[in-house]
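Right, one structure below, let's go through it.
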Amino acid sequence: MITTRAAVLNEIGAPLELTDIRVDDPAPHEVRIAVTNVGLCHSDLHYMTGTVPTELPVVVGHEVAGIVESVGSAVTSLRPGDRVTGALTPPCGGCVNCDAGHSTQCLRLDEVRLRQRPAFETVDGRPIERLAAIGAFSQHILLRESALVKLPDDVPLHVGCLLSCCVITGVGAVFRGAQVRPGSTVAVIGCGGVGSAIIQGARLAGASAIVAIDLDDDRLKAARGYGATHTINGGDGDTVAELHRLLGDGVDYAFEAVGSARTAETALALLRPTGTACLVGIAPMGTELTVPALDFFFQEKRLIGSYMGSGQAREDIAQFARLYQQGRLLLDEMVTRVVPFAEINEGFEQMKSGDVTRIVVDLRA
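Heads up: the sequence shown is residues 1 to 365, going by full-length UniProt numbering.
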């Protein structure tokens, strides 16, 4: 067991508190990682503000990259010094969903994540929870070997961390979730980190038109750089009418990357008959949708969800790293700023302003 520094949530709605905690030694199939960088994600905010429940105290954070510090006795694919990023959903590899290629829906995920002892403790021995069994806002964390992917040396850690959440979530939703076809038309509601990744995924998939929709003009300008062919400021009028003015009878695919009932319902309204709306944003607990049921019957519209890219996390992260190396996936441009660990709460305040794509924390600074 080692002592390290972490940003702990002790009270819902309160700032994170930087404090010393203890981190357990790796179990046989685990790896202890010296965390270098973590991206700030809106899903962290859901837990911090209580819109999604969590036990307290807890270390949140999940979009992580770092360097292997030590490995468990049964680990074979990693060694100290390896540069890695991690997935939220380490697969069991043997359930019906894993066998079918849907490792993000592993039926034994809770078993895979289960530990005999707490991974994190206070210095006086009380257990601390970890968001998604990761708890990335700690200078050292424990992850299963099956959740980790080596990063090539030419993928910087401060952008490599994006691969573990916003990139796999967004690009994966395009290719594995909605399965966007070349030549099709796409709308993306919400142009933050995940939305920007969806736009890039649609570009890579060969979409003929990509409409970016957001309330912030700076984000819409950035969306053009990621591949958007049209932009709509959702605060300027009737979004659905404006999209129909631009593209006629609607889009083939509409992605919702905000996490609200209103934008989810808008995504469905943007579709042409036989189109697919894909919900990617995390809505607060208890959120319900009101949608016209006959649209699914007479117009054959589809409404689906996509969680963490809907696929094989380790395989997809490795592929997206290669796309970055080839210059086809823009990650450096998605990092609005890097902040030191001591300024993590200020980073979250900046994220709330809406004019950023991704803020990354440097846990070494």
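Just so you know, even glycine gets a beta-carbon here, dropped at the ideal spot from N, CA and C.
DSSP three-state label for residue i, please.
| i | result |
| --- | --- |
| residue 301 | coil |
| residue 349 | helix |
| residue 329 | coil |
| residue 320 | helix |
| residue 166 | helix |
| residue 230 | strand |
| residue 37 | strand |
| residue 309 | helix |
| residue 275 | strand |
| residue 66 | strand |
| residue 112 | helix |
| residue 337 | strand |
| residue 268 | helix |
| residue 254 | strand |
Please state if the CB of residue j and the CB of residue i are separated by a distance shorter than 8 angstroms.
| i | j | result |
| --- | --- | --- |
| residue 251 | residue 281 | no |
| residue 314 | residue 87 | yes |
| residue 139 | residue 5 | yes |
| residue 145 | residue 31 | yes |
| residue 219 | residue 191 | yes |
| residue 85 | residue 149 | yes |
| residue 354 | residue 278 | no |
| residue 230 | residue 215 | no |
| residue 61 | residue 128 | no |
| residue 344 | residue 45 | no |
| residue 322 | residue 166 | no |
| residue 24 | residue 90 | no |
Let me check you understand the geometry: is the CB of residue i closer than 7 angstroms to at least one non-hydrogen atom of the ligand ZN?
| i | result |
| --- | --- |
| residue 332 | No copy of the ligand ZN occurs in the structure displayed, which carries no ligand at all. |
Counting only the same chain and skipping the five closest in sequence on each side, list residues whose C-beta sits under 7 angstroms from that of residue i.
| i | result |
| --- | --- |
| residue 159 | 331, 332, 335 |
| residue 366 | Here the chain has residues from 1 to 365 only, and residue 366 is not among them. |
| residue 365 | 340, 341 |
| residue 122 | 21, 128 |
Along the chain, where does the alpha helix (DSSP H) that runs through residue i open and close?
| i | result |
| --- | --- |
| residue 199 | 193–204 |
| residue 43 | 42–49 |
| residue 287 | Taken as a continuous stretch (DSSP letters only), residue 287 belongs to no alpha helix (DSSP H), as it is neither H nor E. |
| residue 366 | Outside the modelled stretch of the chain, which goes from 1 to 365, sits residue 366, for which no answer is possible. |
| residue 355 | Here residue 355 belongs to no alpha helix (DSSP H), and DSSP marks it neither H nor E. |
| residue 96 | 96–99 |
Only counting the same chain, and skipping five residues up and downstream in sequence, which positions put a Cβ closer than 8 angstroms to that of residue i?
| i | result |
| --- | --- |
| residue 111 | 92 |
| residue 26 | 32, 70, 71, 72, 75, 142 |
| residue 49 | 12, 13 |
Give me the residue from the options with the minimum Cα distance to residue i.
| i | options | result |
| --- | --- | --- |
| residue 55 | 8, 253, 155, 297 | 8 |
| residue 59 | 20, 190, 145, 198 | 20 |
| residue 155 | 318, 351, 51 | 318 |
| residue 440 | 14, 301, 271 | The displayed coordinates of the chain run from 1 to 365. Any statement about residue 440 would go beyond what the structure contains. |
| residue 311 | 179, 208, 236 | 179 |
| residue 188 | 182, 202, 246 | 202 |
| residue 101 | 356, 341, 172 | 172 |
| residue 305 | 254, 344, 320 | 254 |
| residue 113 | 130, 98, 125 | 130 |
| residue 132 | 209, 297, 185, 64 | 64 |
| residue 235 | 263, 57, 42, 208 | 263 |
| residue 200 | 248, 29, 174 | 174 |
Might you give, ordered along the chain, the residues of its own chain that have their beta carbon closer than 6 angstroms to the beta carbon of residue i, omitting 5 neighbours on each side?
| i | result |
| --- | --- |
| residue 169 | 194, 308, 309 |
| residue 299 | 273 |
| residue 107 | 95, 97 |
At what residues does the beta strand (DSSP E) containing residue i begin and finish?
| i | result |
| --- | --- |
| residue 140 | 140–144 |
| residue 160 | Here residue 160 belongs to no beta strand (DSSP E); instead the alpha helix (DSSP H) covers 157–160. |
| residue 22 | 17–23 |
| residue 241 | It is not in any beta strand (DSSP E) - residue 241 instead sits in the alpha helix (DSSP H) that spans 239–247. |
Determine, using beta carbons only, whether residue i comes closer than 8 angstroms to chain B.
| i | result |
| --- | --- |
| residue 201 | No chain B is present in this structure, which holds just one protein chain. |
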